[in-house]
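Comments concern the structure below.
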Amino acid sequence: MPSRSLRYTEELQSGDKLATLHGQKGVTLLCGAEDMPWIVHAGREVQLDAVISVVSLVKRGTTGQESEGAAGVSAAASSRRALVFHNSPALPLRTGALVDGRTGASFVDSAGAASKVSWGICRLCPLIRISSRKQFYTGSRGNASGSGRTRSARVKLGEMEMQVALA
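Numbering-wise (our numbering), the sequence shown opens with residue 428 and increments by one.
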């Protein structure tokens, strides 16, 4: 059995880059729980751990992130594991009104109505770019191919692919 280890593991800090498993990337801004926005869903408050703008859904058509979020909420409610595949039946998206945690005011759209957002549970992976703080793959097989193009039909993996594989 091959072993893998990480050289550095660190706490998340403001300015660190995160990515979902569907390629949505963003830079973190850490704030206290009292400053985080929250959602009103079915008459109750839903506290958020992270806010991700799902621009890739519109630009790239990556609907998997929405499916993963809906499956995550369903799995958390039933205490069962939920797998999402391309041909999985559609799960209902949870939507709610987004409220600013600092002011308590609802975010509104251009017509003045409360902004509706979808929410869910998904995985996040750190993408650390400073070489002294990177997580390095130190297993028996390296992640680099020969020189230039991939050799012997091997797949060339970048940093993001290696971190997702290790997660």
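Backbone N, C-alpha and C fix where the C-beta goes; we use that ideal spot for every residue, glycine too.
Rounded to whole angstroms, the separation of the alpha carbons of Q492 and R521 is 13 Å. Within the same chain, and ignoring the five residues on either side of V544 in sequence, the residues whose Cβ sits closer than 6 Å to its Cβ are L525. Distance check between L439 and each of L448, C458, Q451 places C458 closest, using alpha-carbon atoms only.
Contact check for T455 and L445: beta-carbon distance about 6 Å, within the 8 Å limit, so the pair qualifies.
Distances from the CA of D476 to each of G523, A592, I548 were compared; the closest alpha carbon is that of I548. The residue among G523, D536, G539, L554 with its C-alpha nearest the C-alpha of W546 is G523. Residue range 521 to 526 is occupied by the beta strand (DSSP E) that includes A524.
With fewer than 16 neighbouring CB atoms inside 10 Å of its own CB, Q474 falls in the exposed class.
With respect to the C-alpha of D527, the residue from A460, D536, W465, Q451 having the closest C-alpha is W465. Assignment of A446 by DSSP, reduced to helix, strand and coil, places it in the strand class. By the 16-neighbour rule on beta-carbons within 10 angstroms, S494 is buried. In the DSSP annotation of this structure, the continuous segment of the beta strand (DSSP E) that includes Q474 starts and ends at 471 to 474. Only residues of its own chain outside the window of five on either side were considered, and among them A524, V526, A541 have a CB closer than 6 Å to the CB of S533, listed in chain order. In the structure shown, G453 adopts extended strand secondary structure according to DSSP, grouped into three states. Under the three-state reduction of DSSP, S533 is assigned to strand. By the C-beta density criterion, G470 is exposed, having fewer than 16 other C-beta atoms within 10 angstroms. A498 counts as buried, since no fewer than 16 other beta carbons sit within 10 angstroms of its beta carbon.
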